[in-house]
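When we follow my numbering, the leftmost residue of the sequence shown carries the number 1166, and every step to the right adds one.
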Amino acid sequence: MQKLKGKTILFTGAFGLIGKEICTHYMNEGARVAWADIRIDYDTVAWLQTHFNEADFIVVEMDITNEQQVADGIAKIVAHFGTLDILVNNAAIDAKFDKTGMSQVNQSRFENYPLDLLRRSVEVNLTGTIIVTQAACRQMLDQGYGNIINVASTYSVVAPNQDLYDFGQGTQNYKPIDYIASKSFIPNFTRYIATFYAKNNIRCNAVVPHGIFNNHDEAFLTNFAKLSPLQRMANREELRGPFTLLASDESTYMTGSVLMVDGGWTAW
């Protein structure tokens, strides 16, 4: 039985690692999905067109820091589907330590970290998340119900162990402050929205994933295994269950929850 049959879902950052995995899974579970992102992956769109009914998805170019673009995008989604049942706040700037992302990581220590990069991440990860949530809540209030799922991070709960990013090559890498500062608000933002709108039949919960394997090199995987109780990174498929639970009617008594999916990382 499809657990999300008939539900309409707006997913920001839809063409990223988590986005593509969960959006596709949501559609396999019967949901109708708005794939929203600042950059459209047209290869993925072509794949969707061959595997799904085009009435069951819509692609929306959306810069979540642009209020008008967000409002127009949600209006387009509601015009297409008729409702907006679920918002997944996934879009974010994050320094990635896989083989593709390493070259883009700013290696500055905290005391030297560029403030313009901090401001940029805060604008997207914090302010942008609020902008989309405000617009979604206006629609959900009009229709009398809604469900919001925020994507947090273990680094919104605990500090990074910077030893994870020392690959024994004579140069210490760091998980930068911009991500920690801008993501740390997500758990309490989740509680804020959950309690603010509880009487309006709008729920809000958060998923807290940790490292997801995506072509990382052996030095990173070795470090990760030493620091993780499960001694490995997550496979992207392992996020399907938690995201489906929070989007489905099986979680109707859950609101304000911060669901850890981190292989025990924050238990130590």
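Backbone N, C-alpha and C define an ideal beta-carbon position, used for all residues, glycine too.
Spatial neighbours of residue i in its chain, beta-carbon cut-off 7 Å, leaving aside the 5 residues before and after
i: Gly1238; result: Ala1201, Val1225 and Met1227
i: Leu1213; result: Phe1222
i: Thr1355; result: Asn1315, Cys1369, Asn1370, Ala1371, Gly1421 and Val1423
i: Phe1275; result: Ile1342
i: Val1287; result: Ala1346 and Ser1347
i: Leu1410; result: Ser1416
Straight-line gap, residue i to residue j (C-alpha atoms, nearest Å)
i: Leu1386; j: Gly1406; result: 24 Å
i: Val1297; j: Gly1333; result: 41 Å
i: Ile1174; j: Gly1184; result: 12 Å
i: Met1419; j: Thr1336; result: 44 Å
i: Phe1389; j: Leu1249; result: 38 Å
i: Tyr1339; j: Ile1205; result: 30 Å
i: Gly1432; j: Asn1366; result: First, the residue type needs correcting, since residue 1432 is Ala and not Gly in the sequence shown. Rounded to whole angstroms, Ala1432 to Asn1366 spans 32 Å at the Cα level.
i: His1381; j: Ser1321; result: 22 Å
i: Leu1329; j: Gln1272; result: 14 Å
i: Asn1218; j: Asp1281; result: 43 Å
i: Asp1414; j: Asn1277; result: 47 Å
i: Asp1307; j: Val1289; result: 26 Å
i: Gln1234; j: Asn1312; result: 21 Å
i: Ala1324; j: Glu1402; result: 26 Å
i: His1245; j: Ala1220; result: 8 Å
First through last residue of the alpha helix (DSSP H) which encompasses residue i
i: Met1425; result: Not the alpha helix (DSSP H): Met1425 falls in the beta strand (DSSP E), residues Val1423 to Val1426.
i: Thr1177; result: Per DSSP, Thr1177 belongs to no alpha helix (DSSP H); it is in the beta strand (DSSP E), Thr1173 to Thr1177.
i: Arg1303; result: Thr1294 to Gln1308
i: Leu1392; result: Glu1383 to Leu1392
i: Thr1420; result: Note, Thr1420: premise wrong, no alpha helix (DSSP H); not H, not E.
i: Val1210; result: Tyr1207 to His1216
i: Gln1167; result: Where Gln1167 is concerned, there is no enclosing alpha helix (DSSP H), given that its DSSP letter is neither H nor E.
i: Gly1406; result: Arg1405 to Ala1412
i: Phe1180; result: Here Phe1180 belongs to no alpha helix (DSSP H), and DSSP marks it neither H nor E.
i: Glu1232; result: Glu1232 to Phe1246
Terminal residues of the beta strand (DSSP E) in which residue i lies
i: Asn1254; result: Ile1251 to Asn1254
Close beta carbons around residue i, own chain, < 6 Å, minus the five adjacent residues each side
i: Thr1360; result: none
i: Gly1293; result: Ile1229 and Thr1230
i: Leu1283; result: Asp1343
i: Ala1451; result: As displayed, the chain neither begins before 1166 nor continues past 1433, which places residue 1451 out of reach and without an answer.
Residue i, buried or exposed, once every other Cβ within 10 Å from all chains shown has been counted against 16
i: His1216; result: exposed
i: Pro1279; result: exposed
i: Val1253; result: buried
i: Pro1374; result: buried
i: Lys1364; result: exposed
i: Gly1309; result: exposed
i: Pro1352; result: buried
i: Ala1317; result: buried
i: Val1198; result: buried
Strand pairing of residue i, partner residues [DSSP]
i: Cys1369; result: Ile1313
i: Asp1202; result: Glu1226
i: Arg1197; result: Thr1173
i: Asp1331; result: Gln1337
i: Ile1377; result: Ala1399
Close Cβ partners of residue i (< 8 Å) along its chain, the five nearest in sequence each way excluded
i: Phe1408; result: Ile1187, His1190, Tyr1191, Val1253, Ile1314 and Val1372
i: Ala1240; result: none
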